[in-house]
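Going by numbering that gives the first Met the number 0, 56 is the number at position 57 of the sequence shown; the sequence numbering is gapless. Where is the CB? At the ideal position from N, CA and C, for every residue including glycine. These numbers come from a predicted model, not from an experiment.
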Amino acid sequence: MRDAWRLAFGTFTALRVGPPEHVTDVVLGRAMLLAPLTTAPALLAWAALGTVSTTGWAPARVVAVLALVVTALLSRALHLDGLADLADGLTSGHDPARSLEVMRRGDTGPAGAAAVVLAVLLDAACLTTLLGGALGTAMAVVALVASRIACAVCTRDGIPPARADGLGQGVAGTVSRAHLLGLVAAVALLAGLAVAGLSAVLGDTSWAGGVGAVAVVLVSVAGSVVTRRHAVRRLGGVTGDVIGAAIEVALAAGLVTAALVVTALPHP
């Protein structure tokens with residue numbers, strides 16, 4: 000497990016960790032399953048920024064942008080880079096080889112730039128609503144954690160790599176269906192219970208908040224599944240860029256759901 004922890008945090012965060020001693024399919028699969036826990040540094044930052052906004056110390060719009068800046072820095076903006084590369088690759092034509100070559104180049108074209116700008120704008124708009132209150136901040140954190148389930152979604156067994164090298168080749172097919180379902184169930188259950196408990200503390204004794212948190216998790220996972228399926232259909236498999244793009248799509252889907260839930264819930 001120590002190697003899996005090191006691989007997960009070394010891959011998905013900017014934190015300095017020691018290299019894993021052994022890298023096997025089991026270690027790679029466990030690292031993908033541990034990806035939601037690598038949001039811990041960003042999670043703490045979002046919680047702190049939400050508190051700053053809730054208490055009126057800073058405007059919600061500023062706090063929302065800062066939350067995204069911190070998240071990008073903590074992840075070395077790898078997921079945004081993946082989103083840009085996948086958008087450029089998928090819009091370059093229907094030939095998988097050409098799409099993969101465009102994705103490998105590393106430069107960002109119009110489609111990639113548009114995808115990143117639109118995703119960040121959508122995230123910021125949602126966070127402006129969510130980080131203005133305790134319940135909204137909790138829902139935002141749920142969306143953040145749930146977005147990293149995309150790592151396991153994209154590396155489920157039966158999903159091939161799109162090329163013979165890179166991150167996708169190493170992690171593709173390393174997560175079993177049972178472990179993926181268990182991860183989704185665990186995150187949904189913990190999120191539902193935590194948000195329901197917070198709602199009770201805030202004076203709402205219904206389970207609406209908890210149900211909303213579960214919805215955030217499920218919609219986030221659905222977003223990553225749709226992204227993976229489209230990428231596999233067009234590219235023949237997954238790459239590191241596909242995983243990064245799936246994370247960003249999942250985050251946006253989760254935040255939109257969270258904003259809708261918080262807006263619809265009665266305020267104690």
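Cα-Cα separation, residue i to residue j
| i | j | result |
| --- | --- | --- |
| L161 | A96 | Reading off the sequence, residue 161 comes out as Ala, not Leu. Each residue's Cα considered, the two are about 9 Å apart. |
| A177 | A185 | 12 Å |
| I242 | L27 | 14 Å |
| S98 | L179 | 28 Å |
| R104 | V200 | 51 Å |
| L143 | H21 | 29 Å |
| R75 | P18 | 18 Å |
| A258 | V25 | 37 Å |
| A30 | A110 | 31 Å |
| E247 | V16 | 24 Å |
| A71 | L77 | 8 Å |
| R147 | A190 | 14 Å |
| T173 | V255 | 30 Å |
| A163 | A245 | 20 Å |
| R228 | G235 | 10 Å |
| G208 | T128 | 16 Å |
| D84 | A187 | 30 Å |
| V140 | T50 | 13 Å |
| V215 | G181 | 17 Å |
| V213 | A263 | 15 Å |
| T238 | A47 | 34 Å |
| L32 | R155 | 10 Å |
| L67 | T23 | 33 Å |
| L82 | A118 | 9 Å |
Host alpha helix (DSSP H) of residue i (start-end)
| i | result |
| --- | --- |
| S223 | A207 to L234 |
| A187 | R176 to V200 |
| G167 | G165 to V170 |
| A34 | Per DSSP, A34 belongs to no alpha helix (DSSP H) and is neither H nor E. |
| A57 | Taken as a continuous stretch (DSSP letters only), A57 belongs to no alpha helix (DSSP H), as it is neither H nor E. |
| V237 | Premise fails: V237 is in no alpha helix (DSSP H) and is neither H nor E. |
Residue i in three-state terms, based on DSSP
| i | result |
| --- | --- |
| V22 | coil |
| V261 | helix |
| V51 | helix |
| V116 | helix |
| R5 | helix |
| P160 | strand |
| V16 | coil |
Cβ distance (whole Å) where residue i is taken to contact residue j below 8 Å
| i | j | result |
| --- | --- | --- |
| S52 | G131 | 6 Å |
| A145 | S219 | 4 Å |
| A251 | A221 | Not confirmed; about 12 Å, so no contact. |
| A114 | A86 | 4 Å |
| G135 | V261 | 5 Å |
| T37 | F8 | 5 Å |
| A123 | V69 | Incorrect: roughly 13 Å between the Cβ atoms, too far for contact. |
*Which whole runs of the alpha helix (DSSP H) in the stretch 72-147 are 4 residues long or more, in chain order?*
77-89, 95-104, 109-129 and 133-146
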